[in-house]
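Below is one structure, written out as structure tokens; comments come after it.
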Amino acid sequence: MIGLKRGEVLLSDHRPEWKELAAVTLNDLKKFFGETARDIQHIGSTAICNIKAKPIIDIAVGVESFDTVVDILLHLDESGVYKRSHNRFRNDYLYVVHDDEDRRTHQIHILKIDSPQWHNYIDFRDYVNYPPP
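Under our numbering, the first residue of the sequence shown carries the number 4, and numbering increases by one thereafter.
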């Protein structure tokens, strides 16, 4: 299962299909962003093996500058699939993907590749999945 309706809270056991669903989304976003995305990563609880997680796929898109993706963000807005919020405190954009039953299935975080938040997302995921000896 993937997705939660507004107000619903659920933690699921880790499921292998989350990695597959994230891979499809990563591929789609690579096509959409092209060279303007310096890196795209599966993050969040569904990217961490062996823990319970909210069944929502989180993806981080690292960009050099928001100026380089203005047109792309407009296309996301026009697609009708993504709903945007802008977090001024973290300096990132969040796009939320809903399925046909209005369940939130994916969260796309667009942020600067050299930002502390980018490194926090990636470093935390990697540390939990591959702790040092």
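By construction, the Cβ of each residue, glycine as well, lies at the ideal position given by its N, Cα and C atoms.
By the CB criterion at 9 Å, ALA63 and TYR124 fall inside the cutoff. Per DSSP, the beta bridge partners of GLN110 are ASP61 and VAL99.
Spanning the alpha carbons of ARG18 and LEU24 requires a straight line of approximately 10 Å. A direct Cα-to-Cα measurement between PHE69 and ILE54 gives close to 33 Å.
In the DSSP assignment, ASP42 forms a beta bridge with GLY65.
In this model, GLU67 and VAL73 are separated by some 12 Å (Cα to Cα). In this structure, DSSP gives LYS33 a helical state, which the three-state scheme calls helix. When the beta-carbon positions are compared, LEU7 and LYS57 come within less than 9 Å of each other. Beyond the five residues adjoining it in sequence on each side, ILE111 comes within less than 6 Å, by CB distance, of ILE62 and TYR98 in the same chain, given in chain order. Between MET4 and the set SER15, LEU77 and HIS101, the nearest pair of CA atoms involves SER15. Residue state for SER118 is assigned as coil, using DSSP reduced to three classes. Taking C-beta separations shorter than 7 Å and ignoring five residues to either side along the sequence, the partners of ILE51 in its chain run ARG128, VAL131 and ASN132, following chain order.
In this structure, DSSP gives HIS78 a helical state, which the three-state scheme calls helix.
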